[in-house]
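Residue numbers (our numbering): 3 to 143. For glycine and all other residues, C-beta sits at the position ideal for the given N, C-alpha and C. All of these numbers come straight from a predicted model, not from anything done at the bench.
Written as C-alpha cells, this is what we have:
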C-alpha cells in the first residue's frame, strides 16, 4: 500500500510548496529513487522545471518534463494530467486533486503551503486517502 505523507509548511516557513518539492526531489534522487512531480498544468510543470535548475547552486538534479524527456534516462520527471508514464516509486503531488494513478506509487508526498485554497484542497485529499484506508503521516515544517 502507498505510504502517504503530508508536508505542511507553517506560517513561519521560508519558501513555498514548489521550493519544498525541489528539496524533496533532490533528497529522494540522492537516495536512489525515481521521482514524478505532478502539477495542475503545463505552466506549473514548466515553472517547476525552471526551479529545479536553480534551486541550489552546488547541485544538479537530472530532470525533465515527461512529455519532452527520455523517461528511461531521466530519474526526476515533471508532468500533469492523467498519465505518469511508467513511474511508480515516489510521487510528489502539487495538483489540487488526488492523482488517479497515486496508488501504484510506493510513496506519495502531498505538499501544503500557506495559501488558503491549497490548504482547503489538501484537507479534501487528506479525507479521501483516510476514507480509502491509507495510513497518513503529517510533517509540520
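Check whether the Cβ atoms of residue i and residue j sit closer than 9 Å, and answer yes or no.
i, j, result
"residue 94", "residue 39", "yes"
"residue 108", "residue 5", "yes"
"residue 21", "residue 53", "yes"
"residue 36", "residue 113", "no"
"residue 10", "residue 124", "yes"
"residue 28", "residue 111", "no"
"residue 2", "residue 136", "Nothing about residue 2 can be reported from this structure: the residues present for the chain run from 3 to 143 only."
Have a look at residue i and residue j and give me their C-alpha separation to the nearest angstrom.
i, j, result
"residue 138", "residue 83", "24 Å"
"residue 69", "residue 91", "18 Å"
"residue 76", "residue 24", "15 Å"
"residue 133", "residue 60", "42 Å"
"residue 64", "residue 115", "25 Å"
"residue 145", "residue 97", "Residue 145 lies beyond the stretch modelled for the chain, which goes from 3 to 143, so this question has no answer here."
"residue 117", "residue 50", "18 Å"
"residue 120", "residue 141", "16 Å"
"residue 85", "residue 106", "12 Å"
"residue 13", "residue 126", "20 Å"
"residue 122", "residue 143", "18 Å"
"residue 55", "residue 62", "7 Å"
Among the candidates the options, whose CA atom is the shortest distance from the CA of residue i?
i, options, result
"residue 102", "130, 115, 63", "130"
"residue 150", "141, 12, 42, 26", "Beyond the ends of the chain as shown, which are 3 and 143, falls residue 150; an answer cannot be given."
"residue 41", "55, 56, 140, 104", "104"
"residue 74", "62, 85, 89", "89"
Closest Cβ-Cβ distance between residue i and chain B: below 9 Å?
i, result
"residue 59", "No chain B appears in the structure shown, which is made up of a single protein chain."
Do the segment 39-48 and the segment 67-80 touch if we need at least three Cβ pairs shorter than 8 Å?
Taking 8 Å as the limit for Cβ pairs, the verdict is that the segment 67-80 does touch the segment 39-48.
Segments of 4+ residues assigned as alpha helix (DSSP H) that fall wholly inside the segment 42-69:
Restricting attention to alpha helix (DSSP H) runs no shorter than 4 residues, the segment 42-69 encloses them at 44-56, ordered along the chain.
Suppose only complete runs of 4+ residues qualify. What are the alpha helix (DSSP H) ranges in the segment 17-41, listed by chain order?
Fully enclosed alpha helix (DSSP H) runs of 4 or longer: 19-32.
For the segment 78-129, which segments carrying the beta strand (DSSP E) assignment without a break, of at least 3 residues, lie completely within its bounds, in sequence order?
Taking only runs of at least 3 residues, the beta strand (DSSP E) segments lying wholly in the segment 78-129 are 78-82, 92-95, 109-114.
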